[in-house]
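Colleague: Residue numbers (my numbering), protein chains in the order written: chain A, 1 to 335; chain B, 1001 to 1307.
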Amino acid sequence: MFGYLLRRLGTFVPTFIGVSLVSFLFIRLLPGDPIMLMAGERGMSDERHALLMAQFGYDQPLYLQYWDYVVGILQGDLGVSFKTKRPVWDEFFALFPATLELSICAIVFALALGLPAGVIAAVNRGKWPDQLLMSTALVGYSMPIFWWALLLIIWFSGMLGWTPVSGRMSLQYFFPNGTGFMLIDSLASGQKGAFTSAVQHLILPTIVLGTIPLAVIARQTRSAMLEVLGEDYVRTARAKGLSPLRINGLHALRNAMIPVITVIGLQVGTLMAGAILTETIFSWPGIGKWIVDAIGSRDYTAVQGGLLMIALIVMVVNLLVDITYGFINPKIRTR
Amino acid sequence: MSTRVSKGAEPAPTNAEGMQRPGRLREFWQYFRENRGAVAGLVVFVFFILLAVFADVVAPYSPIAQDRGAFLQPPFWQEGGSTDYLLGTDALGRDMLSRLIHGARYSFFIGVIVVVIAATSGVLLGLVAGFAGGRTDTLIMRLMDILLAFPSLLLALVMVAILGPSLVNAMIAIAIVLQPHYVRLTRASVLGELPKDYVTSARVAGAGRLRLMFVTVLPNCLAPIIVQAALSFSTAILDAAALGFLGLGAQPPTPEWGTMLADSREFVLRAWWVVTLPGLAILINVVAINLMGDGLRDALDPKLKRS
Chain A
1 MFGYLLRRLG TFVPTFIGVS LVSFLFIRLL PGDPIMLMAG ERGMSDERHA LLMAQFGYDQ
61 PLYLQYWDYV VGILQGDLGV SFKTKRPVWD EFFALFPATL ELSICAIVFA LALGLPAGVI
121 AAVNRGKWPD QLLMSTALVG YSMPIFWWAL LLIIWFSGML GWTPVSGRMS LQYFFPNGTG
181 FMLIDSLASG QKGAFTSAVQ HLILPTIVLG TIPLAVIARQ TRSAMLEVLG EDYVRTARAK
241 GLSPLRINGL HALRNAMIPV ITVIGLQVGT LMAGAILTET IFSWPGIGKW IVDAIGSRDY
301 TAVQGGLLMI ALIVMVVNLL VDITYGFINP KIRTR
Chain B
1001 MSTRVSKGAE PAPTNAEGMQ RPGRLREFWQ YFRENRGAVA GLVVFVFFIL LAVFADVVAP
1061 YSPIAQDRGA FLQPPFWQEG GSTDYLLGTD ALGRDMLSRL IHGARYSFFI GVIVVVIAAT
1121 SGVLLGLVAG FAGGRTDTLI MRLMDILLAF PSLLLALVMV AILGPSLVNA MIAIAIVLQP
1181 HYVRLTRASV LGELPKDYVT SARVAGAGRL RLMFVTVLPN CLAPIIVQAA LSFSTAILDA
1241 AALGFLGLGA QPPTPEWGTM LADSREFVLR AWWVVTLPGL AILINVVAIN LMGDGLRDAL
1301 DPKLKRS
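(1) B:N1290 lies in the alpha helix (DSSP H); which residues open and close that run?
(2) Hey, out of B:L1042, B:Q1030, B:A1040 and B:L1147, whose CA is closest to A:G18's CA?
(3) Give me the chain B residues within the contact set of A:I154, using Cβ-Cβ distance strictly less than 8 Å, ordered along the chain.
(4) What does B:V1158 touch in chain A if you count any residue whose Cβ is under 8 Å from its own?
(5) To the nearest angstrom, how far is it from the Cα of B:E1079 to the Cα of B:E1034?
(6) Figure out for me which residue from B:R1024, B:L1163, B:G1130 and B:A1229 has the closest Cα to the Cα of B:V1112.
(7) Report the start-end ranges of each alpha helix (DSSP H) in the stretch 252 to 293 of chain A that is 4 residues or longer and not cut off at the edges.
(8) Taking just the CA atoms, how far does B:V1287 sit from B:G1344?
(9) If contacts are defined as beta-carbon pairs under 8 Å, then B:G1126 and B:R1187 qualify, I think. What distance do you get, rounded to the angstrom?
(10) Out of curiosity, what's the CA-to-CA distance linking B:Y1031 and B:A1040?
(11) I need the boundaries of the alpha helix (DSSP H) containing A:L128, first residue and last residue.
(12) Between the Cα of A:M315 and the Cα atoms of A:K289, A:L226 and A:T270, which residue gives the shortest distance?
(13) Got a sec, what are the start and stop residues for the alpha helix (DSSP H) B:G1088 sits in?
(14) State the start and end residues of the unbroken alpha helix (DSSP H) segment that holds A:R168.
(15) Against B:I1146, what residues of chain A qualify as contacts under a CB-to-CB distance less than 7 Å, listed in chain order?
(16) Measuring alpha carbon to alpha carbon, tell me which residue in B:M1144, B:I1110, B:F1108 and B:F1109 is nearest B:G1122.
(17) Leaving out the 5 sequence neighbours to the left and right, which residues in its chain are closer than 6 Å to A:A256 when beta-carbon positions are compared?
(18) Is it buried or exposed for A:N177, if we count other Cβ within 10 angstroms and need 16 for buried?
(19) What alpha helix (DSSP H) runs, 4 residues minimum, are completely inside the stretch 1149 to 1227 of chain B?
(20) Quick one: what's got a C-beta closer than 7 Å to A:F181's C-beta in the same chain, skipping five residues either side?
(21) Determine the extent of the alpha helix (DSSP H) in which A:F146 is found, giving its start and end residues.
(22) Does the Cβ of B:L1139 have 16 or more other Cβ atoms within 10 Å, making it buried, or fewer, making it exposed?
(23) According to DSSP, is A:F61 helix, strand or coil?
(24) Establish whether the CB of A:I142 and some CB of chain B are separated by less than 7 Å.
(25) Applying the 10 Å Cβ sphere with the 16-neighbour rule, what's the burial state of A:W162?
(26) Would you say A:I35 lies against chain C (beta-carbon separation less than 7 Å)?
(27) What does the Cβ neighbour count give for B:G1008, buried or exposed, with the cut at 16 atoms within 10 Å?
(28) Helix, strand or coil for B:V1268, going by three-state DSSP, please let me know.
(29) Under 8 Å: do the stretch 272 to 283 of chain A and the stretch 138 to 156 of chain A share three or more Cβ pairs, one atom per stretch?
(30) For A:I328, count the other beta carbons within 10 Å of its own beta carbon; 16 or more makes it buried, fewer makes it exposed. Which is it?
(31) Beta-carbon of B:G1279 versus every beta-carbon of chain A: anything under 7 Å?
(32) Between the alpha carbons of A:L95 and A:T179, how many angstroms are there, rounded?
(33) Can you check DSSP and say which residues form a bridge with B:D1095?
(34) Please check if any C-beta of chain A sits within less than 7 Å of the C-beta of B:V1287.
(35) In its own chain, which residues sit with a C-beta less than 7 Å from the C-beta of A:V234, not counting the 5 before and 5 after it?
(36) With distances taken between CB atoms, is the gap from A:G288 to A:L214 smaller than 7 Å?
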């Protein structure tokens, strides 16, 4: 196990260097130099330009700049936003809880529907529930989620008036930002209706962001279940006369979960990409919307920081999934 | 995998007249035909291709012609609609049906170009990595790991930010993002084929490296690559539409479906058709291609068949 850990960490380090290099080069690849980008259309005098280039260290050789950049990352310094002049690190972590809350809700939603759907489809293989569920999953898998969001807004906000169109909380409620999770903060504030409002704001974004993972989990659960259902121990359980619910739910599903867990880990990238679209449409104040806005307003240090941090999050989650997987399944370790 | 053994490498099996296998294409079609969903997907796909090719003939109006007398006119079956504009008009009085038909062109253009770029470069890199091994292999695969660490849409977004928003740049970005999958797939297949006897015999018979790569091994690695091509075709269409939707893909007035959706966002609660129809077109298209992809996988490689 220790050897496996080391090997896995061994691939993490070069990938980290590569990812930091990509985000480092991002600003350098843009037309114009970073100071001129910061100045925008106003421009500046040559002296001030030279001064600022020196001040930000842009006049140094590239490899030194990169070294400073990596040292900065390790100390939690991602530079200062061109636009707000605040540290990018602070901005990122101020907004990250919103994205995290939405992502957690989305994955819970996807699991809550995807697992039963996959089990039902597998148990009824080839019959109408299987066909119905798998066709639905195919549609979900193929869904342009930005359009799906607009459709849900038309139905639930426009026609039925059930859910708000954007944001995280009605303006009438105000409470301190404790954990950054609206669901928890609104409960802690003790204000009547605040929690309900938080839930209402979460519903549509959760569905939109959870749709693709839901479809993927349902498909994966189905095929994993089908594999497991053919195993001897399932036949034994059946022969013993255990109830179908017990066989399918306990004996089979538990073993079918292993590949499903991996798939959930791999969905983190999908969630981050989905968050960009979902947050933009629902004006959800998270990092996805932040990055799109930063690209729009040419706030390139923010884009750079966001790019790096999101890639790091995806990498760390994948690392954790691999390690967990190694714990659960000894066969993996020896590969 | 009995075919494509380089000549002279082993004695040709005695081929009695009646024993011959049916042609590859026919065999493939027999498998493919069994999957009703895949055939349905193919039919829809061909329909969209025909629309794309004959867009100028089929579409009743030009996709950018504006009728100042008909802003946001609903489809013909709704009150206020007319048969002049079967699917209604958008906020600038342009015919929705014509724009949707022309949009099919962009979708296929995007899909074809992206898949060709991503597959060609990815397969080449994968072949090199698989054959070269050692440091070259490690270097290529590490580079691909780095690309894969970024969520695809984010990477595409940032690349477009560097290159500037346009359809061509969006396609380049998406191709780069999709390419690592081909590299991994090709390399894995190559590594699976290399130890096989037919490769050794070809090598012993004196086949050069390039011949080994492209003539001996590559044809036997094609099945998963073709399936991947179908899947990334639909991903390309989705991602390009997403970029268009964020204002970083095709620019107005291009009748690209994602861009059309972005234009119509403000009318989401007033005029359902300008929002619903372009997205529906994307969805139908992508579902059809994914259905076909599933059928392709089953037909080309029965081993991969999901039970």
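All C-beta atoms in this analysis are idealised placements derived from N, C-alpha and C, irrespective of residue type, glycine included.
Modeller: Working from what's here:
(1) In this chain, the alpha helix (DSSP H) harbouring B:N1290 covers W1272 to L1300.
(2) Checked all of B:L1042, B:Q1030, B:A1040 and B:L1147; the closest Cα to A:G18 is B:L1147.
(3) Result: V1268, L1269, W1272, V1275 and T1276.
(4) Neighbours of B:V1158 on chain A, chain order: F26, I295, V303 and L307.
(5) The straight-line gap separating the alpha-carbon atoms of B:E1079 and B:E1034 is approximately 44 Å.
(6) For B:V1112, the closest alpha carbon among the candidates B:R1024, B:L1163, B:G1130 and B:A1229 is that of B:A1229.
(7) You should have 253 to 281.
(8) Past the edges of chain B, shown from 1001 to 1307, lies residue 1344 of chain B, and the structure says nothing about it.
(9) Rounded, the Cβ-Cβ distance is 4 Å, consistent with contact.
(10) So the two alpha carbons sit approximately 14 Å from each other.
(11) Just to set this straight, residue 128 of chain A is Trp in the shown sequence, not Leu. In the DSSP annotation of this structure, the continuous segment of the alpha helix (DSSP H) that includes A:W128 starts and ends at W128 to Y141.
(12) Ranking the options by Cα distance to A:M315, first place goes to A:T270.
(13) Segment: none, B:G1088 is in no alpha helix (DSSP H) and carries neither H nor E.
(14) Per DSSP, A:R168 is not a residue of any alpha helix (DSSP H), being assigned neither H nor E.
(15) Scanning chain A for C-beta atoms nearer than 7 Å to the C-beta of B:I1146 yields T15, G18, V19 and V22, reported in chain order.
(16) The shortest Cα separation from B:G1122 among B:M1144, B:I1110, B:F1108 and B:F1109 belongs to B:M1144.
(17) If the five residues before and after A:A256 are omitted, its C-beta is found closer than 6 Å to the C-beta atoms of A224, M225 and V228, all from its own chain and listed in chain order.
(18) Looking at its Cβ environment, which holds fewer than 16 other Cβ atoms inside 10 Å, A:N177 is exposed.
(19) Correct list: 1152 to 1163, 1167 to 1193 and 1197 to 1204.
(20) Exclusion of the five residues before and after A:F181 leaves P97 and E101 as the residues of its chain whose Cβ lies within less than 7 Å of its Cβ.
(21) First-last of the alpha helix (DSSP H) with A:F146: I145 to L152.
(22) Counting Cβ neighbours within 10 Å, B:L1139 comes out exposed, since fewer than 16 surround it.
(23) Going by the sequence as given, residue 61 of chain A is Pro instead of Phe. Looking at A:P61 - three-state DSSP - the assignment turns out to be coil, as it is neither helix nor strand.
(24) Reading off the sequence shown, one finds Ser at residue 142 of chain A, where the question assumed Ile. So yes, A:S142 belongs to the interface.
(25) Flag for A:W162 reads exposed.
(26) Of the protein chains in the structure, A and B, none is chain C.
(27) Bear in mind that the predicted position of B:G1008 carries a pLDDT of just 41, short of 50, making it unreliable; the figure below should be weighed with that in mind. By the neighbour-count criterion, in which 16 or more other beta carbons inside 10 Å mark a residue as buried, B:G1008 falls on the exposed side.
(28) Here B:V1268 sits in coil by DSSP.
(29) Between the stretch 272 to 283 of chain A and the stretch 138 to 156 of chain A, the count of Cβ pairs shorter than 8 Å is three or higher; the stretches touch.
(30) Per the 10 Å Cβ criterion, exposed.
(31) So, interface residue.
(32) If you take the alpha carbons of A:L95 and A:T179, they lie about 11 Å apart.
(33) Partner(s): B:T1089.
(34) It does; some Cβ of chain A falls within 7 Å.
(35) For A:V234, where only same-chain residues beyond five positions count, the Cβ hits under 7 Å are V228, I247, H251 and A252.
(36) Judged by beta-carbon spacing, A:L214 lies beyond the 7 Å limit of A:G288, meaning their Cβ atoms are not closer than that value.
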